[in-house]
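Q: Once you know that position 274 of the sequence shown is 303 in my numbering, the rest is easy, because the numbers rise by one and skip nothing. Note that CB positions come from ideal geometry on N, CA and C, so glycine has one too. Let me begin by handing over the structure; questions about it come next.
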Amino acid sequence: MRLGIVAGAALAFCLVAAANAQPKSTGPAPTLAPKVVAPLAAKPAAAPAPAEPAHALTRDDLSAFLDGFMPYALGRADIAGAEVVVVKDGAVLLEKGYGVSNVKTQAPVDPKRTLFRPGSISKLFTWTAVMQLVEQHKIDLDTDINTYLDFKIPAAYGKPITMRDLMTHRPGFEETIKGLLATDPKKIMPLREALARWIPERMFPPGEVPAYSNYGAALAGYIVQRVSGEPFDLYIEKHIFQPLHMDHSTFRQPLPKKFEVDMSKGYATAAGDPKPYELIPMSPAGALATTGDDIARFMLAHLNNGSYDGAQILKPQTAQMMHGRTYPVPAHTQSMGLGFYHEDLNGHDVVSHGGDTIYFHSDLFLILDRGVGLYYSQNSAGKPDQGVRWPLYEAFMNRYFPAPPASAPPTLKTAKQDGAAVAGSYIASRRSDSNMLRIGALFSLSQVTLNGDNTISFSDEKTLGGDLKKYSEIAPFRWQEVHGRQEFIATRENGKVDRIYTSDFPPIVTFTPVSAWVGTWKLPLFIAMCAMLALTVLFWPVKAILRWRYDAPFALTGNEARLYRLSRLAALCDVVFLGGFIALFSYGNEHLE
């Protein structure tokens, strides 16, 4: 009996863990509200770049390519509608909608009129606003942000947080979902109140470890509001939307009535029911509603170093500063600009940002050295194992900006030794440590394994066919994808691996090793404890039915009988509570990215 009571406490941990110890999807990886408890899903590996010459990026060729790709991809993923926008040489090359914005009415997606929710791409507008105020010497990138706030971010690690830390996702905050989503417009907490009430715990010293932070972006938006003296949404309208003639864009919540008729519905899948308009209390992190045509104007302004159609939203040197690399990272991996992700793909200089609400999923890419921008947005979460975003981007790059075919990297003699040294369990920097969500992080660890051919594999990186990618060591503790170009790098301290980086992941997360006990024994141990409590609950009614069936007396009396019943009731309450907790946890793990 006592064992059953003890097991009841254990089940609160293990049922949640078992629910989340599932293979990671290679589908869309939402980025508005991050997977608090698991590493970000990596983009699927690209096939080796084609050997044939690049196609000319013309309107006709692009239209034919998209018409061949998009309908099949959306149908396979069960996505209701999507839009694709490509800009080139200072003008819109092509804007196309696919599918519908409303399944019931069959209204088509029109990039000029249909509003989508691009999620964390909203942050690029927040960062652009910050840099406008940097130009005016009203914000300094390296000053303590408490200088600009009317509440205080507590000190930690003996270092202040700066705006540069916020823009590069290095403030050291743990991830949190508090204040991230709301359902009732009347209950949306004012930005200042939400930020002051829900200050996250600090996991890392400022400026050191990349760990994506929606709170940090919202904090930057509030600083824009404080320094400019204008409400955040009004500031964006006056200083970005209006100069660029982005007339179908807004951060306001609830959605202004003039936009309601053109607002796309959001769906889990095209076959499902439409979902309510998603409300984001920390609006600078992801509340934007906009059209593909408006995003085209924003892309063109950044590609032209801050200017478009006679309007200048940034000085050239400021735009270049945003697009350039900031903190040094291991060579050949992605790095951060000021707000943009920065990568070298197929030999081209690309800055980008992804964005997701629960139902809308989007990506924006600027190929700086070619003056080309690509924007994609879909209005459905779709099937989790049928991603569209990365396959589209990689197919686009391989068609129009291919790299030479990758040669097989030579394998070092130290491959087996170094592979064994890096093999083990790793935890993502983007997580929570101070609450129950830590449980999920521990049960969603990433694994590095040494293969029989002395290559290594990372559990979060798979090919489009679903197989684990293989990496061959090409330099000490540096591996290159076999038949590919992605790289995997381990850094060491005192002779031991202390961090791993991979070019498949955006520069907003890194991975650190955990002990072998945590990585190996936790799941079997907790599953056994779960089973004990589950059996306790299951056999309670079974034993009662058997006693009734055979007219057998209940053997316990007095205090023993009361304790017996209380233990079973406690176990039952645990199971009921955990059922709700698992449902909430799974909801967050699958959708709140």
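With which residues is Y244 paired in a DSSP beta bridge?
A: For Y244, which the question treats as bridged, DSSP gives no partner whatsoever.
Q: Between the alpha carbons of F280 and T319, how many angstroms are there, rounded?
A: The straight-line gap from Cα to Cα measures roughly 9 Å.
Q: Along the beta strand (DSSP E) that carries S454, what are the first and last residues, could you check?
A: Looking at the DSSP string, the run of the beta strand (DSSP E) that includes S454 is G453 to A457.
Q: Hey, F625 and G148 are a contact pair by Cβ (cut 8 Å); roughly how many whole angstroms apart?
A: The chain is shown only over 30 to 622; residue 625 falls outside these bounds and no answer can be derived.
Q: Please report the straight-line C-alpha distance between V417 and A102, rounded to a whole angstrom.
A: Taking the straight line from one Cα to the other gives about 6 Å.
Q: In whole angstroms, give me the CA-to-CA distance for P285 and L220.
A: So the alpha carbons of these two residues sit roughly 18 Å apart.
Q: Taking the alpha carbon of G236 as the point to measure from, which residue in E259, A249, P189 and A246 has its own alpha carbon closest?
A: When each option's Cα is compared against that of G236, the closest is P189.
Q: Would you mind listing the alpha helix (DSSP H) stretches within the stretch 123-193 that are 4+ residues and don't spill past its ends, in chain order?
A: The stretch 123-193 contains these whole alpha helix (DSSP H) runs: 151-164.
Q: Using 8 Å as the threshold, is the C-beta distance between I324 and L393 below it?
A: Yes; because the gap between Cβ atoms is below 8 Å, this pair is in contact.
Q: Out of L153, H268, E164 and A246, point me to the one whose CA is closest to L383's CA.
A: It should be pointed out that residue 383 corresponds to Gly in this sequence rather than to Leu. For G383, the nearest C-alpha among the options comes from L153.
Q: Only counting runs of 3 or more residues, tell me where the beta strand (DSSP E) segments fall wholly within the stretch 357-387, in order along the chain.
A: Complete beta strand (DSSP E) runs here, min 3: 370-374 and 377-385.
Q: Might you give, ordered along the chain, the residues of its own chain that have their beta carbon closer than 8 Å to the beta carbon of R428, omitting 5 neighbours on each side?
A: If we look at R428 and ignore the five residues flanking it on each side, its Cβ neighbours are P79, A83, H84 and F94.
Q: Using the three-state DSSP reduction, which class does Q271 fall into: helix, strand or coil?
A: Here Q271 sits in coil by DSSP.
Q: Skipping 5 residues on each side, what residues in its chain have a beta carbon closer than 6 Å to that of P582?
A: Same-chain partners within the cutoff: there are none.
Q: In terms of residues, what are the limits of the beta strand (DSSP E) holding S475?
A: First-last of the beta strand (DSSP E) with S475: S475 to L479.
Q: What's the gap between the Cα of E510 and the Cα of T484?
A: C-alpha separation (whole angstroms): 9 Å.
Q: Please name the residue, chosen from P183, D194 and T157, that lies closest to T172 on a Cα-to-Cα basis.
A: Checking every option, the nearest Cα to that of T172 belongs to D194.
Q: Please classify G315: is it buried, with 16 or more other beta-carbons within 10 angstroms of its beta-carbon, or exposed?
A: It is buried - the Cβ of G315 has at least 16 other Cβ atoms within 10 Å.
Q: How big is the Cα-Cα spacing for D447 and P505?
A: Those two C-alpha atoms are separated by around 7 Å.
Q: Can you confirm whether the stretch 337-346 touches the stretch 239-251 when touching is taken to mean that 3 or more C-beta pairs between the two stretches lie within less than 8 Å?
A: The stretch 239-251, when compared against the stretch 337-346, does not touch it at the 8 Å Cβ threshold.
Q: Label I574 either buried or exposed according to how many other C-beta atoms from any shown protein chain fall within 10 Å of its C-beta, with 16 as the threshold for buried.
A: Exposed, by the Cβ-count rule.
Q: How many angstroms separate the CA atom of E259 from the CA atom of D96?
A: Roughly 44 Å separates the two Cα atoms.
Q: Give me the Cβ distance between S381 and G321, rounded to the nearest whole Å; I'm assuming they're in contact under 8 Å.
A: Actually they are not in contact, since the Cβ atoms of S381 and G321 sit about 16 Å apart, beyond 8 Å.
Q: I'd like the span of the alpha helix (DSSP H) that includes F94, first residue to last.
A: Counting along the chain, the alpha helix (DSSP H) containing F94 begins and ends at R88 to A106.
Q: Opposite W508 in the DSSP bridges: which residues?
A: DSSP output for W508 lists E502 and F517 as bridge partner(s).
Q: To the nearest angstrom, how far is it from the Cα of Y455 to the Cα of S461?
A: Answer to the nearest angstrom: the Cα atoms are 15 Å apart.
Q: Just list the residues that DSSP pairs S406 with in beta bridges.
A: Bridge partners of S406: E112 and S391.
Q: Report the rounded CA-to-CA distance for P535 versus A184, giving the unit in angstroms.
A: Approximately 28 Å between the Cα atoms of the pair.
Q: Using only the alpha-carbon positions, how far apart do C602 and A109 sit?
A: One C-alpha to the other measures close to 40 Å.
Q: Taking contact to mean at least 3 C-beta pairs separated by less than 8 Å, is the stretch 287-299 in contact with the stretch 330-339?
A: Not touching, per the Cβ criterion.
Q: Suppose the cutoff is 7 Å on Cβ atoms and the five residues either side in sequence are ignored; what does the same chain contact list for M350 look like?
A: Result list for M350: L367, in chain order.
Q: Using CA coordinates, which residue listed in E307, A444 and T520 is at the minimum distance from P214?
A: Taking only the C-alpha atoms, the option nearest P214 is E307.
Q: Could you give the first and the last residue of the continuous alpha helix (DSSP H) run that contains Y530?
A: Careful: Y530 lies outside any alpha helix (DSSP H), inside the beta strand (DSSP E) at K525 to T531.
Q: What is the DSSP secondary structure of Y296, reduced to helix, strand or coil?
A: In the structure shown, Y296 sits in a strand (DSSP, three-state: E or B).
Q: Go to F288, then tell me how far its beta strand (DSSP E) extends in each direction, as first and last residue.
A: Run containing F288: none in the beta strand (DSSP E); it sits in the alpha helix (DSSP H), K286 to E289.
Q: Tell me whether V121 sits in a helix, a strand or coil according to DSSP, three-state version.
A: Three-state result, V121: strand.
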